[in-house]
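The block underneath contains the structure these notes are about, expressed in structure tokens.
Chains as they are written, first to last, in our numbering: chain W, 1153 to 1723; chain L, 67 to 228.
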């Protein structure tokens, strides 16, 4: 009996640890054991258990006891937890390259990775290819950096190879900071060897002997699995001296970040590695010329490296067959927010937002209306539902005012206020601005103040114009991408949802009913059954005689949540 | 070091500093991470001591400590709460959870409870977006939080059940 439990961070948070322990004990009783696998990306079905070829989902306490009976060969109701065939068919709508092993193999077993063809690509390069041929293969694939900017990977590799100097570095940017993006975490937790193999291949191509993975401290499981993977690779001679019996020597170590979003920017990341405050500097010189410790350094992110072994094994041409003219291959997206079936999806570039949200993601939770999707995190923008036939590639997304970014797709419905979303991102950027450039440090703070005022019901005539003007100034007056793109959430919501800004400012109304200071709560006496629950529970004591005293009401919304008869009206 | 001069902790810190003796200032962040692991936070005299041992100027150390959100210059409670403020959590109601935590513990962001049990911090994103809203207590992640479940979890910690 083959039993495996998905133990990524999401699975564990949903209770996978306990399930694993219980099932493993049962399996041991019959002379077997349960295996750990990473995250399959169907987060909405967690916790997930595989027994033989069956998949059991949303396994709760009752579910575990049914599975225990199943393992013992007793009569059981386990079938109730079996995943629907249609549900699993959703996986076939995806094309998995970076995620190919995620949720399939045990991330803590190098043997399982090797069984799937792992380290063949590194061997092929090191024992049978020149560095020129490796870079040519990456060039043919059209792989671009998956971290956000979308710069061609081969170009950076070539530039680093061409830079003079004996000592060069390969750096993996695992400082995944975009709120709403977790593809890198999932890859590190579920298939760490793919990242190592990508880095080994890149190191061979540019002539580096040292690799560093800069990973967020907030990802303890990813760090633990990477450490284990590095140790295993060293034991097998895949890292260290004379790899595959060649002259090529390369080793990797991990540096834990200390929590600064701006360190996702390459020059800031290098400053942080060097023990400095993570503040970006002017480019050129580019890291490929003068990077870590002033030596040529190549920086790519986790997903970029994870694509490399597949490209070498299958050829660059196979990768470039997928996608559009300007964007090749596949891209992993973290589909979250008000989506029915959230998780990680990997699709070829060029499929539409509609495909991802409706076909793969199952549309909006609770049958509500799809309003917009936020792409590219704090540097990106909100794409409205009207543009859901936009093809997902670098160029088309840029035309909408959003960006591909690292692949966060936060879906929003009619209850999401777009002014509040702009405020939310500006709040984030203000906290994360390193403070070097005045426009970013002060300008974004002013943008935030205006947005807070509007959400607070104190917007005034001229605010919209001021927001646009200030946004443009910040874009031109900032050194790094953080500042240059910080106003994007404001600009895109102004472009597509100007009416919401106007409603807030002129009519003092939030149509999404999200900005609390703009709401009024009243009791509909026709629906009210006079149960007095709201009167008893109101924390402000604002409800007496079935009338809500607006001067006392703190607009916490508890009464509306509690009322079983829908008698609390929110306007 | 005057206060915090628990001999065992100091010995631990010294052995960590020795490991980085040849690394120059590039090792400052890992050293601070280790020091925080040992002490639970970064007291001023510990920073001063690190400066003396490594030759890194106090201004530089303070600059780095205040730049990164991971470093604490105030003591932390026994349980560190990290409430995710990511986009997915925001649209799925993290503000409610924040008010539940504040209400239950009577603390603001970055503060420690009177009994020293909890420190409450916000985090930019914990990367468990599909379970939003999410918080971590220590190294445990809790998802799909509601006002009620949040209070229940905190009660369990406070009662020593976890």
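Heads up, the beta-carbon is just placed ideally off N, CA and C, and yes, glycines get one too.
This structure is a prediction, so every number in the text was calculated from the model and none was measured.
Classification of residue i by the beta-carbon crowding that lies within 10 angstroms, buried from 16 upward
| i | result |
| --- | --- |
| residue 165/L | exposed |
| residue 1811/W | Chain W is shown from 1153 up to 1723; residue 1811/W falls before or after that span and cannot be answered. |
| residue 1173/W | exposed |
| residue 1405/W | exposed |
| residue 1324/W | buried |
| residue 1224/W | exposed |
| residue 228/L | exposed |
| residue 1401/W | exposed |
| residue 1683/W | exposed |
| residue 1452/W | buried |
| residue 1253/W | buried |
| residue 131/L | buried |
| residue 1564/W | buried |
Among the options, nearest to residue i - alpha-carbon criterion
| i | options | result |
| --- | --- | --- |
| residue 1309/W | 1450/W, 1693/W and 1575/W | 1450/W |
| residue 1145/W | 1637/W, 1194/W, 1196/W and 1201/W | Here chain W covers residues 1153 to 1723 and nothing more, so residue 1145/W does not appear. |
| residue 187/L | 142/L, 223/L and 196/L | 142/L |
| residue 1280/W | 1395/W, 1617/W and 1380/W | 1395/W |
| residue 1544/W | 1223/W, 1504/W, 1230/W and 1340/W | 1504/W |
| residue 1428/W | 92/L, 168/L, 86/L and 85/L | 92/L |
| residue 89/L | 119/L, 77/L and 189/L | 119/L |
| residue 1502/W | 1477/W, 1492/W, 1274/W and 1713/W | 1477/W |
| residue 1259/W | 1188/W, 1276/W and 1278/W | 1188/W |
| residue 1342/W | 1361/W, 1381/W and 1206/W | 1381/W |
| residue 1714/W | 1340/W, 1686/W, 1704/W and 1321/W | 1686/W |
| residue 1463/W | 1193/W, 1248/W and 1704/W | 1248/W |
| residue 1350/W | 1196/W, 1387/W and 1305/W | 1305/W |
| residue 1475/W | 1408/W, 1500/W, 1268/W and 1491/W | 1500/W |
| residue 1130/W | 1668/W, 1602/W, 1287/W and 1191/W | Lying outside 1153 to 1723, the shown extent of chain W, residue 1130/W is not represented and no answer is given. |
| residue 1560/W | 178/L, 226/L, 213/L and 194/L | 194/L |
| residue 1206/W | 1228/W, 1398/W, 1317/W and 1234/W | 1234/W |
| residue 176/L | 135/L, 74/L and 212/L | 135/L |
C-alpha distance - residue i paired with residue j, whole-angstrom precision
| i | j | result |
| --- | --- | --- |
| residue 1264/W | residue 1257/W | 6 Å |
| residue 1690/W | residue 1672/W | 15 Å |
| residue 1331/W | residue 1377/W | 22 Å |
| residue 1443/W | residue 1312/W | 10 Å |
| residue 1221/W | residue 1214/W | 11 Å |
| residue 1706/W | residue 189/L | 26 Å |
| residue 68/L | residue 111/L | Low confidence applies to residue 68/L: its pLDDT is 47, below 50, so where it sits in the model is not reliable enough to give any reading. |
| residue 1431/W | residue 1628/W | 18 Å |
| residue 219/L | residue 192/L | 18 Å |
| residue 1360/W | residue 82/L | 29 Å |
| residue 1594/W | residue 1177/W | 58 Å |
| residue 1699/W | residue 1575/W | 33 Å |
Coarse secondary structure for residue i, derived from DSSP in three states
| i | result |
| --- | --- |
| residue 1499/W | strand |
| residue 186/L | strand |
| residue 208/L | strand |
| residue 1181/W | helix |
| residue 1296/W | strand |
| residue 1242/W | helix |
| residue 146/L | strand |
| residue 1373/W | helix |
| residue 1808/W | A query on residue 1808/W cannot be resolved here, the shown segment of chain W reaching from 1153 to 1723 and no further. |
| residue 1199/W | coil |
| residue 1705/W | coil |
| residue 1663/W | coil |
| residue 217/L | helix |
| residue 1261/W | coil |
| residue 1525/W | strand |
| residue 1421/W | helix |
| residue 1367/W | strand |
| residue 1450/W | strand |
| residue 177/L | strand |
beta-carbon residue i near the ligand GDP non-hydrogen atom, thresh 7 Å
| i | result |
| --- | --- |
| residue 193/L | Only the bare structure without any ligand can be found here, which leaves the ligand GDP out of the picture. |
Is it true that the segment 149–168 of chain L meets the segment 200–215 of chain L, where meeting means three or more beta-carbon pairs spaced less than 8 Å apart? Yes, since at least three Cβ pairs between the segment 149–168 of chain L and the segment 200–215 of chain L fall closer than 8 Å, the two stretches touch.
Looking at C-beta atoms only, is the number of pairs between the segment 1472–1484 of chain W and the segment 1507–1523 of chain W that lie closer than 8 Å three or more? Contact between the segment 1472–1484 of chain W and the segment 1507–1523 of chain W is absent, because fewer than three Cβ pairs lie under 8 Å.
Evaluate the contact criterion for the segment 1413–1421 of chain W versus the segment 1632–1651 of chain W: three or more CB pairs, one atom per stretch, below 8 Å. Contact holds between the segment 1413–1421 of chain W and the segment 1632–1651 of chain W, because three or more Cβ pairs, one in each stretch, are under 8 Å apart.
Kindly confirm or deny that the segment 1334–1351 of chain W and the segment 1455–1472 of chain W touch, where touching means at least three C-beta pairs closer than 8 Å. The segment 1334–1351 of chain W makes contact with the segment 1455–1472 of chain W; the number of CB pairs closer than 8 Å reaches 3 or more.
Per the contact definition of three or more C-beta pairs closer than 8 Å, is the segment 1159–1172 of chain W in contact with the segment 206–226 of chain L? The segment 206–226 of chain L vs the segment 1159–1172 of chain W: in contact.
With a cut-off of 8 Å, do at least 3 Cβ pairs link the segment 174–188 of chain L to the segment 1584–1598 of chain W? Flag = no, the segment 174–188 of chain L and the segment 1584–1598 of chain W do not touch.
Inspect the CB distances between the segment 104–113 of chain L and the segment 130–140 of chain L and report whether three or more fall short of 8 Å. Cβ pair count under 8 Å is three or more, so yes.
Three or more C-beta pairs under 8 Å: does that hold for the segment 1361–1373 of chain W against the segment 1240–1254 of chain W? Result no; under three Cβ-Cβ pairs closer than 8 Å.
Given 8 Å as the limit, is there contact between the segment 1527–1536 of chain W and the segment 1554–1563 of chain W, that is, 3 or more CB pairs closer than that? Enough Cβ pairs lie closer than 8 Å, so yes.
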